[in-house]
Amino acid sequence: MLKTFIRTIRLMRPFTRMIVLALLLGALTVGSSVGLMATSAWMLSKAALQPSIADLAVAPVMVRFFGILRGVMRYLERLVSHDVTFRLLAHLRVKFYAALEPLAPARLSRHRTGDLLARVVGDVESLQNIYLRAMAPPLVALLVVIGTTLLIGYFDLVVAMMALAWFIAGMTLLPLIAWYNGKRLGIERTALQAEMNAMMTEGVQGMGEILMYGGGDSGADYRQRLDALLEQTAAHERRIARWDGLNNALDVMMVQGAGLAVLFVALGRLDGILLATVTLATIAAFEAITPLTPAVHALGANLSAAQRLYDVMDTPPAVRDHNRESPEPQDGSLHLRDVVFRYAPDAPPVFDGVTLDIESGARVALLGGSGRGKSTLVNLLARFYEYDAGTVTLCGHDLRDYTQAGARACVAVMEQRTYLFNTSIRGNIRIARPDATDEEIVAAAQAADAHDFIMNLPDGYDTLIGEDGGQLSGGQRQRIALTRALLKRAPILILDEPVAHLDATTGNAILRTVFDQAAGRTVILLAHQHSALFDEMGLTSVAL
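For any residue, its number in the working numbering is found by taking its place in the sequence shown, counting from 1, and adding 334.
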């Protein structure tokens, strides 16, 4: 936990100046409260003796000063602290995404989608509490305690030592109790929230199947598991609430005890006018101390969330870029020599000595049933995975000489299951080449037989298609994916079952247009079995 805390604090270095400013403003805010209580108590005690107006001339001014200063300082402290918090959260999210992106898809397949969502949203969000509630309050409390002790010490050293003893007890004893009972509860809370997010995400994504088969065992089992998790979460929250209540009660007892103790010691040692002053100043200083207990109580959950982020961020990527410049593609050839690859060290090999030769500009139908490695070939060429042995030559260079971006620039892939984003059709197509003009997008869509159906949509190319293209049919989704692949200017075009969701006539027409548009480029068509259309179009069939 200590290493996690230190690592999180180090992430705040870019915001050191703003953090220091927020701490000073926080200390001035509570210091203003102490000054307000002390001067008010002195003024009321002095006024009870009915002195001359001249003796009270300064006190009302000081009361007004500290009252106004407290409001101004509180506003500025909240402004600066929340500004630095939001900047920190943005910095952490960017940093987490930068670490997450190289892990896709090889290293992310072990994580559930809902769990990853919980990490990038909820866990990052909880890190703000490490600053707002775990780091800043102790430092503010320290400054306030020093200032208040010096103030009371100006009147009497013994009374100041008594106040300091209660301050130290409030800053150590109660937070230690809160840490003891909050650490385990916090870790369990984070795990329960992650499991809840994962289950809810899966439930939403699979809602159609749950409704379709809701009367079956699978639907009932899902509901039972969700109900059990909800009950477990509720029971856990009740335990946390009980401890929170106990901690709050102890905080109140600590504040009242400090006030009574200081008042008892001050009797007979200070002038009667100062009794209320030192007592209320002591109580007011606890405004900076009481937030420590709930902060420490929640620290276990916050550090657990931070560790969950670091577990992902510290995962080594499957492929690491070298520091050399990526070579430029020479042609559109692809050669594999004795390639061996397995997805896990203890898994059977998907490729076991595979050799393949495809010359630049060739038209090849790569045939193989499910599990024979067609998708694996795409993953290797895109540098999502590292092969174990053998050599792969892509566009005239060893595949490992390319950076990941360089290798992906050599290949345009239309996968059978393509993800479409919740944005416009134009935006989804332009992912392939952000600098493409509207005319080039239309030309690619026409080649993929997608232009006509796009223009029949309400907003044409600006039509929003929903999450994962949910507002499109299977065939329309496939034609959008094909448009993407055609738009990308890559020497090698790989099409995975490009006409699987289309009728034979439309599919044949699209393939002929694609081959015409891809003149000079190598085209590799992935298929489960041979088709007479391949021979008609002059494709060379190769079994994988």
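Glycine is no exception: its CB is placed at the ideal position from the N, C-alpha and C atoms. Quick caveat: nothing in here was measured; it's all calculated off a predicted structure.
(1) Output the boundary residues of the beta strand (DSSP E) element that contains I692.
(2) Between the Cα of V414 and the Cα atoms of S443, Q384, T350, which residue gives the shortest distance?
(3) Within the same chain, show all residues whose beta-carbon is closer than 6 angstroms to that of D722, passing over the 5 residues directly before and after it, in chain order.
(4) Would P663 be called buried (16 or more neighbouring beta carbons within 10 Å of its own) or exposed?
(5) Where M587 and D648 are concerned, what is the direct C-alpha to C-alpha distance, given to the nearest angstrom?
(6) Could you tell me if F598 is buried or exposed, where buried requires 16 or more neighbouring beta carbons within 10 angstroms of its beta carbon?
(7) Under 9 angstroms, do F755 and P439 count as touching if we go by C-beta distance?
(8) Any idea if A568 is buried or exposed, counting beta-carbon neighbours within 10 angstroms, 16 or more meaning buried?
(9) With C-beta atoms as the reference, is T482 less than 9 angstroms away from A619?
(10) Between the alpha carbons of L827 and I858, how many angstroms are there, rounded?
(11) Please determine, among D578, S704, L878, the residue with the shortest C-alpha to C-alpha distance to L670.
(12) Let me make sure I understand the geometry here. Which of H445, T447, R642, V455 has the alpha-carbon closest to that of V428?
(13) Shortest alpha-carbon distance to T613 belongs to which of H731, F501, E720?
(14) With distances taken between CB atoms, is the gap from D830 to L873 smaller than 9 angstroms?
(15) So, using beta-carbon positions, are G448 and E522 closer together than 9 angstroms?
(16) Smallest Cα separation from L879: which of A497, L633, M533, G634?
(17) Note the first and the last residue of the continuous beta strand (DSSP E) segment covering M748.
(18) Straight-line CA distance for Q812 to F868?
(19) According to the Cβ coordinates, are T338 and Q641 closer than 9 angstroms?
(20) Is the beta carbon of G504 less than 9 angstroms from the beta carbon of D585?
(21) Tell me whether Q384 is buried or exposed, calling it buried when 16 or more other Cβ atoms sit within 10 Å of its Cβ.
(22) To the nearest angstrom, report how far apart G881 and L450 are at their CA atoms.
(23) Answer with buried or exposed for L461, where buried requires no fewer than 16 other C-beta atoms within 10 angstroms of its C-beta.
(24) Identify every residue that forms a DSSP beta bridge with R697.
(25) Distance, Cα to Cα, G602 vs V493?
(26) Does the Cβ-Cβ distance between A622 and V479 come in under 9 angstroms?
(27) Identify the residues that DSSP records as bridge partners of F675: which are they?
(28) Would you kindly check if the distance between the Cβ of G809 and the Cβ of T847 is under 9 angstroms?
(29) Between A361, N762, L422, which has its C-alpha nearest R347's C-alpha?
(30) Starting from S875, trace the beta strand (DSSP E) in both directions and tell me its first and last residue.
(31) Enumerate in chain order the residues of its own chain whose CB-to-CB distance from T342 is below 6 angstroms, with the five nearest sequence positions on each side excluded.
(32) Return the Cβ separation of T363 and R404 in integer angstroms, given the expectation that the two are a contact with Cβ distance under 8 angstroms.
(33) Measuring straight from C-alpha to C-alpha, what distance separates V712 and R855?
(34) Contact between the stretch 781-796 and the stretch 732-745 is defined here as three or more beta-carbon pairs at a separation below 8 angstroms; is this criterion met?
(35) Alpha carbon to alpha carbon, what distance is there between Y514 and A629?
(36) Evaluate contact between the stretch 688-707 and the stretch 754-769, counting only Cβ atoms and requiring at least three cross-stretch pairs below 8 angstroms.
Let me spell this out:
(1) 685-692
(2) T350
(3) V674, F675
(4) buried
(5) C-alpha separation (whole angstroms): 44 angstroms.
(6) exposed
(7) no
(8) exposed
(9) yes
(10) 6 angstroms
(11) L878
(12) V455
(13) F501
(14) no
(15) The answer is no: Cβ separation not under 9 angstroms.
(16) No answer is possible for residue 879: the residues shown for the chain start at 335 and end at 878.
(17) 745-748
(18) Going by the C-alpha atoms only, they are around 20 angstroms apart.
(19) yes
(20) Closer than 9 angstroms, so yes.
(21) exposed
(22) One cannot answer for residue 881 here, as it falls past the ends of the chain, which runs 335 to 878.
(23) Under the 10 Å beta carbon count, L461 is surrounded by 16 or more other beta carbons and is classified as buried.
(24) V857
(25) 11 angstroms
(26) yes
(27) Per DSSP, F685.
(28) no
(29) L422
(30) Membership of S875 in the beta strand (DSSP E) is indicated by the continuous run 874-877.
(31) I464, A640
(32) 6 angstroms
(33) 17 angstroms
(34) No, the stretch 781-796 is not in contact with the stretch 732-745.
(35) In this structure, the alpha-carbon of A629 lies about 13 angstroms from that of Y514.
(36) no
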